[in-house]
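In the order they appear, the protein sequences are chains A and B. The numbering of the first sequence is the UniProt record's numbering, which starts it at 1 and goes up by one. The numbering of the second sequence is the UniProt record's numbering, which starts it at 1 and goes up by one. Cβ coordinates follow ideal geometry from the N, Cα and C atoms, glycine included. All values reported here derive from a predicted model rather than from experimental measurement.
There are 2 protein chains.
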Amino acid sequence: MTASWEQTATAKRNAIYEKIPQEWRLAKIPTAEEQKDVTGTYVHQFLSEKEIEITETDAVGIVEKTTSGAWTAVEVTKAFCHRAAIAHQLLNCLLEIFFDAAIADAQAYDDYFAKNKAPIGPLHGLPVSLKDQFHVKGVETSMGYVGWIGTFEGKKGTGKEKVFESLMTTELKDLGAVLYCKTSVPMTLMTGETINNIVGFCLNPKDRFLSAGGSSGGEGALVGFKGSPVGFGTDIGGSIRIPAAFNGMYGLRPSAGRLPYEGMANSWDGQNTILSVVGPIATSARSLKLLAKSILSTKPWLHDPLVHELPWRPEQEQIDTSKLTFGVIKHDGIVTPTPPVRRAVDMVVKALEKSSHEVIDWSPTPNHEAILKTAFKTWIYDGAAHAHESYALSGEPAVPQLANFGDEPGPQYNASQIAAVNVTKRQQQKEYMEYWNSTASKTKSGAPVDVVISPVAPYPAARRELFKYYGYSVWVNLLDYTSVVVPVTVSSKELDPVDKDFKAANTSDQEAHDAYDPDIYDGAAVSIQLVGRRHQEEKTIAIAEYVAKVLKDAAT
Amino acid sequence: MTASWEQTATAKRNAIYEKIPQEWRLAKIPTAEEQKDVTGTYVHQFLSEKEIEITETDAVGIVEKTTSGAWTAVEVTKAFCHRAAIAHQLLNCLLEIFFDAAIADAQAYDDYFAKNKAPIGPLHGLPVSLKDQFHVKGVETSMGYVGWIGTFEGKKGTGKEKVFESLMTTELKDLGAVLYCKTSVPMTLMTGETINNIVGFCLNPKDRFLSAGGSSGGEGALVGFKGSPVGFGTDIGGSIRIPAAFNGMYGLRPSAGRLPYEGMANSWDGQNTILSVVGPIATSARSLKLLAKSILSTKPWLHDPLVHELPWRPEQEQIDTSKLTFGVIKHDGIVTPTPPVRRAVDMVVKALEKSSHEVIDWSPTPNHEAILKTAFKTWIYDGAAHAHESYALSGEPAVPQLANFGDEPGPQYNASQIAAVNVTKRQQQKEYMEYWNSTASKTKSGAPVDVVISPVAPYPAARRELFKYYGYSVWVNLLDYTSVVVPVTVSSKELDPVDKDFKAANTSDQEAHDAYDPDIYDGAAVSIQLVGRRHQEEKTIAIAEYVAKVLKDAAT
Chain A
1 MTASWEQTAT
11 AKRNAIYEKI
21 PQEWRLAKIP
31 TAEEQKDVTG
41 TYVHQFLSEK
51 EIEITETDAV
61 GIVEKTTSGA
71 WTAVEVTKAF
81 CHRAAIAHQL
91 LNCLLEIFFD
101 AAIADAQAYD
111 DYFAKNKAPI
121 GPLHGLPVSL
131 KDQFHVKGVE
141 TSMGYVGWIG
151 TFEGKKGTGK
161 EKVFESLMTT
171 ELKDLGAVLY
181 CKTSVPMTLM
191 TGETINNIVG
201 FCLNPKDRFL
211 SAGGSSGGEG
221 ALVGFKGSPV
231 GFGTDIGGSI
241 RIPAAFNGMY
251 GLRPSAGRLP
261 YEGMANSWDG
271 QNTILSVVGP
281 IATSARSLKL
291 LAKSILSTKP
301 WLHDPLVHEL
311 PWRPEQEQID
321 TSKLTFGVIK
331 HDGIVTPTPP
341 VRRAVDMVVK
351 ALEKSSHEVI
361 DWSPTPNHEA
371 ILKTAFKTWI
381 YDGAAHAHES
391 YALSGEPAVP
401 QLANFGDEPG
411 PQYNASQIAA
421 VNVTKRQQQK
431 EYMEYWNSTA
441 SKTKSGAPVD
451 VVISPVAPYP
461 AARRELFKYY
471 GYSVWVNLLD
481 YTSVVVPVTV
491 SSKELDPVDK
501 DFKAANTSDQ
511 EAHDAYDPDI
521 YDGAAVSIQL
531 VGRRHQEEKT
541 IAIAEYVAKV
551 LKDAAT
Chain B
1 MTASWEQTAT
11 AKRNAIYEKI
21 PQEWRLAKIP
31 TAEEQKDVTG
41 TYVHQFLSEK
51 EIEITETDAV
61 GIVEKTTSGA
71 WTAVEVTKAF
81 CHRAAIAHQL
91 LNCLLEIFFD
101 AAIADAQAYD
111 DYFAKNKAPI
121 GPLHGLPVSL
131 KDQFHVKGVE
141 TSMGYVGWIG
151 TFEGKKGTGK
161 EKVFESLMTT
171 ELKDLGAVLY
181 CKTSVPMTLM
191 TGETINNIVG
201 FCLNPKDRFL
211 SAGGSSGGEG
221 ALVGFKGSPV
231 GFGTDIGGSI
241 RIPAAFNGMY
251 GLRPSAGRLP
261 YEGMANSWDG
271 QNTILSVVGP
281 IATSARSLKL
291 LAKSILSTKP
301 WLHDPLVHEL
311 PWRPEQEQID
321 TSKLTFGVIK
331 HDGIVTPTPP
341 VRRAVDMVVK
351 ALEKSSHEVI
361 DWSPTPNHEA
371 ILKTAFKTWI
381 YDGAAHAHES
391 YALSGEPAVP
401 QLANFGDEPG
411 PQYNASQIAA
421 VNVTKRQQQK
431 EYMEYWNSTA
441 SKTKSGAPVD
451 VVISPVAPYP
461 AARRELFKYY
471 GYSVWVNLLD
481 YTSVVVPVTV
491 SSKELDPVDK
501 DFKAANTSDQ
511 EAHDAYDPDI
521 YDGAAVSIQL
531 VGRRHQEEKT
541 IAIAEYVAKV
551 LKDAAT
């Protein structure tokens, strides 16, 4: 007798929980009302001082310790396994737990270090979490679909189940990273909240009334909880940046073709107008650099046909901070950011201006409305055929956040229609690029703007089922720009009251306004993104690190 | 009253001819029977010694003279205009002639030189011909469609007619190049022979019984005739390499995203599974480098959203000729190359082996049959809708070479079907890439093969309406590899008799065998391509230059 989808999902959910050692299980899971913020002092009660020290060190700090022998890979790994186990119980953020394999790998690295008096690679002993699109040997990939459980990407008997490995998985191991868990995703990956029928809704650790974001939401929650120093997500419309921002973390959305996507599971694989990209979410900007640079040191262009031969370029990190200029998007012309997001953008602008940087208004042609119209067409090319096929594998229902995909597949775009979108996209990229070039005539330095400051979403984070507007993230995907998320502040019911006399310009504007509640949001992280030109990962990360410092200085 | 397509085509054909100065018009155009080969001594009768000297100097040699002031831009330009005018009369290779504008531009460069005692750019005074996909200010672009005459890409009243310029056109002018003509293409660009209803069938200058190839066939004929030292074509299935090979010239098919395609006219623009790329055809390998390097010096990635930030990398030109290893494709498993092509491949292999290079058999997985099956699907995505729409603009009939597009549009691929092709393509690229990596275990050097020697087509050139098999060029497009065409020898009725006892493996094999005739082909150029990995333009051109030298040494 075949199991029902509910039985399969429950068995999987229980199996994940069973991977948590008894001593790490919490006696009671508080509700959001009982415990809104589970970071910081709340989680500290469950951890040793050493565990706190380790898990509150960023990736760069960790590898300084592990590559010098100050910390063993095993103690670091165990600390993060413990904190990740707590994270999952409080937040529903994991889809795969493989702590035993991680500790065994860490032990092997320690043995290597003991024998060779040298680290195995630049990421020696660094725990790295992975979104559940990465295939890892010995571990399943469900990608949030009940119908994928026990299969390889929905197919049975391929021989690849728990054997095949994504390219970056192998590269991370070769670099010395310790893999220990895979994080939750929304089914289809096409929503900014993370929810599936296996582990349910992923909560925001800073504010458990809110979503951790999506689609790399498990990753965002885990890193935000410091259950991981750095993890990898993917982004086709904001899926790295949204959870990074919602959890007050740093996140890199590189341009397509920079980091290897080879061998990853995906939704509607083969849509190639706007490509999903892989990138890190971390607790510091310099950690994004460590990971990106380390991955590029493996020459991924020799193993991924879509990666360009662009090694890490140290000369492009050398930013002249006396000459940096910024563009700023305070409003995209469609949806008004909610008060805490507006305040965060203003804080960044003021801090930069105080540091003598020029910040100019960003008023591009084409406007974002035109760009978004093009981008959203790519989301419905296949009439959600892939989504419906995936639901049908188990008979599970779609989560409410996917209502826009309908009850059955819609009409598909044909080749001529897709070609027309591709042409429009390229024309818009060209026009936007020339707008960017033209800012040279507007800046005092006479050079084009270096990066653009922009919200990531209208809200600091999303309330459940209320994430309706993706315009602040999606424009970057259409243009294929580099973006780095930088945390700025926390939402405050005192500083960020509801806009009085608000008059919505359109339905989306009204929805964003209505979704904001100062009490619910009080204490939630608020972040912005710095958007650099295509393939400017070195420069954009360097500027993000600098801006974070400027913000820190301004706060003290 | 609206003109018939025949009237429009005739008027355009006559207008092109009228642009040829009276003194450059030939009294009589010999038939192929009367004059098979119109290169060399035949054309010399119409030219002055100085004109011969100039037009038989390669692009690098020309810029040495023009940038030092030894030759004026005007004298160089006039010499090539004259030879191009003769080429067109004998070969039907031009769609646009703008000698007056060219001479005026050349004069301006000369004035600049006189004033500044320095060239205006690295291509100062170098005549460069362009395939009729480039938009040039003041000049029409028909792209071989009668229905495009008097329009901008088939649309009337756009305001762009004869005003809009392709990015590379502008860049070439900025570099000091002199633009003077645009070369003929087949309507739709999707055939390896060059024929349209405006100027007719483009002949091969070395052997006027044969096609000059396509779709950059006007370019191939013109450069082959030395009516241009270097010109630009495009390649989505062999369209640079086929005419380069058929005319015994050098041609570069770069990987996508290296040279800027921005603002070019195209067929079925927006098909983005396999992108058309732009690249030079020239009389020497070092000229390919000059042009590619010069274009990249303009930083085209700041003006073309599809160009990657890959400047010319001089360090990648530094090939160690003591360690080069080669793969060789003598047969692709589908169609047997005709005797002169087999001999050319053998000549290259023997010359390299004589120079102590290792040449190993190339037996990739996936095999080429699988690759071609994927590639050819992209050709029919839109059921030839774009082609039929373009014919319909004027009511002109398709040329016989396009019979496979049918009398009306066929069914289109939908989004899911296109996505499936994209996935298969990427998987094949990955598998092929790993095969290439694996050749490290087969070579004595322990490094993977540097470049692969391959035919470009089964024949030295095509007989009219007999170009049926594109497998030897198309595999490179699917894999997005760099390829450089190198001329090797000429066809010989003595050395290359018809294969006796030939047994065809399939219809294509039989057709290629049947198309070969030692008498017709006697004297025709025979070339091969050297295929490098993706984005290895520097290295592949350097090896091509080296191989050309090895061949020359072997011949003497």
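If we define contact as Cβ-Cβ less than 8 Å, is residue i a contact residue for chain A?
i: Gln429 of chain B; result: yes
i: Gly270 of chain B; result: yes
i: Asp382 of chain B; result: yes
i: Tyr274 of chain B; result: The sequence as given places Ile at residue 274 of chain B; Tyr does not occur at that position. So, not an interface residue.
i: Met433 of chain B; result: yes
Could you round the C-beta distance between residue i and residue j to whole angstroms and report it? I think they count as a contact, below 8 Å.
i: Ser255 of chain A; j: Thr507 of chain A; result: 32 Å between Cβ atoms; not a contact.
i: residue 624 of chain B; j: Val399 of chain B; result: No statement about residue 624 of chain B is possible, as the shown extent of chain B runs from 1 to 556 and does not include it.
i: Gly231 of chain A; j: Ser129 of chain A; result: 3 Å
i: Tyr470 of chain A; j: Pro455 of chain A; result: With a Cβ gap of about 12 Å, Tyr470 of chain A and Pro455 of chain A do not count as contacting.
i: Ser142 of chain B; j: Lys12 of chain B; result: 7 Å
i: Thr66 of chain B; j: Val76 of chain B; result: 6 Å
i: Leu90 of chain B; j: Ala212 of chain B; result: 11 Å between Cβ atoms; not a contact.
i: Val43 of chain A; j: Phe225 of chain A; result: 7 Å
Identify the contact partners of residue i in chain B, using a Cβ-Cβ distance below 7 Å as the criterion.
i: Leu306 of chain A; result: Arg426
Can you list the residues of chain A that residue i reaches, using a CB-CB cut of under 7 Å?
i: Glu262 of chain B; result: Lys430
i: Val423 of chain B; result: Asp269, Gly270
i: Ala447 of chain B; result: Simply none; closest approach about 12 Å.
With a threshold of 8 Å between beta-carbons, can residue i be considered close to chain B, or not?
i: Met168 of chain A; result: no
i: Tyr145 of chain A; result: no
i: residue 559 of chain A; result: With chain A covering 1 to 556 only, the question about residue 559 of chain A has no answer from this structure.
i: Ile418 of chain A; result: yes
i: Glu309 of chain A; result: yes
i: Asn437 of chain A; result: yes
i: Ala385 of chain A; result: yes
Report buried or exposed for residue i, applying the criterion of at least 16 other Cβ atoms within 10 angstroms of its Cβ.
i: Ala351 of chain B; result: buried
i: Arg25 of chain B; result: exposed
i: Thr365 of chain A; result: exposed
i: Leu189 of chain A; result: buried
i: Ala79 of chain B; result: buried
i: Thr338 of chain B; result: buried
i: Gln318 of chain A; result: exposed
i: Ala344 of chain A; result: buried
i: Gln429 of chain A; result: buried
i: Lys155 of chain A; result: exposed
i: Ser267 of chain B; result: buried
i: Asn404 of chain B; result: exposed
i: Glu33 of chain B; result: exposed
With hydrogens ignored, establish whether the beta-carbon of residue i is closer than 7 Å to any heavy atom of the ligand FMN.
i: Ser276 of chain B; result: The ligand FMN is absent from the structure shown, which contains no ligand whatsoever.
So which residues on chain B does residue i lean against when the C-beta distance must stay under 8 Å?
i: Leu189 of chain A; result: Correct list: empty, because the minimum Cβ distance to chain B is about 15 Å.
Using a C-beta to C-beta distance shorter than 9 Å, which residues of chain A count as neighbours of residue i?
i: His535 of chain B; result: Trp301, His308, Glu309
Checklist entry - What alpha helix (DSSP H) runs, 4 residues minimum, are completely inside the stretch 83-147 of chain A? => result 99-116
Item to check | 4-residue-minimum alpha helix (DSSP H) runs that sit fully inside the stretch 355-387 of chain B, ordered along the chain | outcome: 368-379
Item to check | Contiguous beta strand (DSSP E) assignments of at least 3 residues, all confined to the stretch 143-219 of chain A | outcome: 178-183, 207-211
Checklist entry - What are the residues of the stretch 66-85 of chain A that lie near chain D, defined by any Cβ-Cβ distance shorter than 8 Å? => result In the structure shown, chain D cannot be found, because the protein chains are A and B.
Item to check | 4 or more residues per run - each alpha helix (DSSP H) lying fully within the stretch 45-81 of chain B | outcome: 49-55, 59-68
Checklist entry - What runs of the beta strand (DSSP E), each 3 residues or longer, lie entirely inside the stretch 489-553 of chain B? => result 525-532
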